[in-house]
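K.L.:
The following block contains the structure, expressed as structure tokens.
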Amino acid sequence: MAETTFILQSNDDKTFEVNKKVIAQSLVLSEMMELVTDSETKTIPLTISSILLKPIIDYCNLYQDASEEYVMKDPPPMSLTEKDSEFMKDISNDILEDLTNAANYLNIPRLIDACLLHLRDQMRLNKIKNNQKTINFTYEEQQKLYEKYVTWL
54 MAETTFILQS NDDKTFEVNK KVIAQSLVLS EMMELVTDSE TKTIPLTISS
104 ILLKPIIDYC NLYQDASEEY VMKDPPPMSL TEKDSEFMKD ISNDILEDLT
154 NAANYLNIPR LIDACLLHLR DQMRLNKIKN NQKTINFTYE EQQKLYEKYV
204 TWL
């Protein structure tokens with residue numbers, strides 16, 4: 054039996070074919086999927102640009118075979134998983150905020166956490182670089198201070 058595929062259409066009319074496992078990671082898309090299941094086209098129009106939709110789909114593809122549903126943790130994890138770190142290396146700082154908002158809009162908990170953790174790490178790195186200019190600490194000394202005194206930004 055062939056796996057059911059759906060077409061996600063960005064607001065700039067680009068289309069992306071995805072399977073049910075990818076869509077299931079988004080609570081919003083899961084609900085939309087149920088609405089178009091009876092339709093012949095199985096197209097889900099979105100108000101998200103293709104620039105953001107492409108990395109969202111790529112990220113969901115990474116976890117489409119995850120054994121259990123992701124649940125946001127409180128407090129959040131302290132670091133990115135290796136898979137998330139690898140993915141975030143390709144995300145430019147220019148789209149990180151928009152990607153976070155889009156993940157929130159589509160309600161993709163794992164991607165929301167990954168974006169926020171990456172953003173936190175970026176802010177820490179910028180803080181370290183700025184502090185190094187002001188205070189004459191080496192990078193290693195600054196890292197030790199952060200590890201000792203900063204648990205969450």
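First residue of the sequence shown: 54, per this note's numbering; consecutive thereafter. The beta-carbon is built from N, C-alpha and C at its ideal position, and this holds for glycine as well. It should be emphasised that the depicted structure is a prediction, and the values quoted were computed from it without experimental measurement.
#1: Within 10 angstroms of its Cβ, does SER132 collect 16 or more other Cβ (buried), or is it exposed?
#2: Any idea what DSSP makes of GLU135, helix, strand or coil?
#3: Express the C-alpha separation of GLN196 and LEU159 in angstroms, rounding to a whole number.
#4: Can you tell me whether PRO108 is buried or exposed? The criterion is at least 16 other CB atoms within 10 Å of its CB, across all chains shown.
#5: Does the separation of the CB atoms of ILE22 and SER79 fall below 8 angstroms?
#6: CB-CB under 6 angstroms to LYS73, same chain, minus the five flanking residues each way: which ones, in chain order?
#7: Tell me which same chain residues have a C-beta within less than 7 angstroms of the C-beta of ASN114, skipping the five on either side of it?
#8: List in chain order: all unbroken beta strand (DSSP E) runs of 3+ residues lying wholly within the stretch 79 to 109.
#9: Verify whether the separation of the beta carbon atoms of THR153 and CYS168 is less than 8 angstroms.
#10: Quick one: grab the DSSP three-state call for ASN72.
P.N.:
This is what the structure holds:
#1: A residue is called buried when at least 16 other Cβ atoms come within 10 angstroms of its Cβ; SER132 does not meet this threshold and is exposed.
#2: Helix at GLU135.
#3: 35 angstroms
#4: buried
#5: In the structure displayed, the chain extends from 54 to 206; residue 22 sits before or after that span and is not available.
#6: THR57
#7: VAL75
#8: 96 to 98
#9: yes
#10: strand
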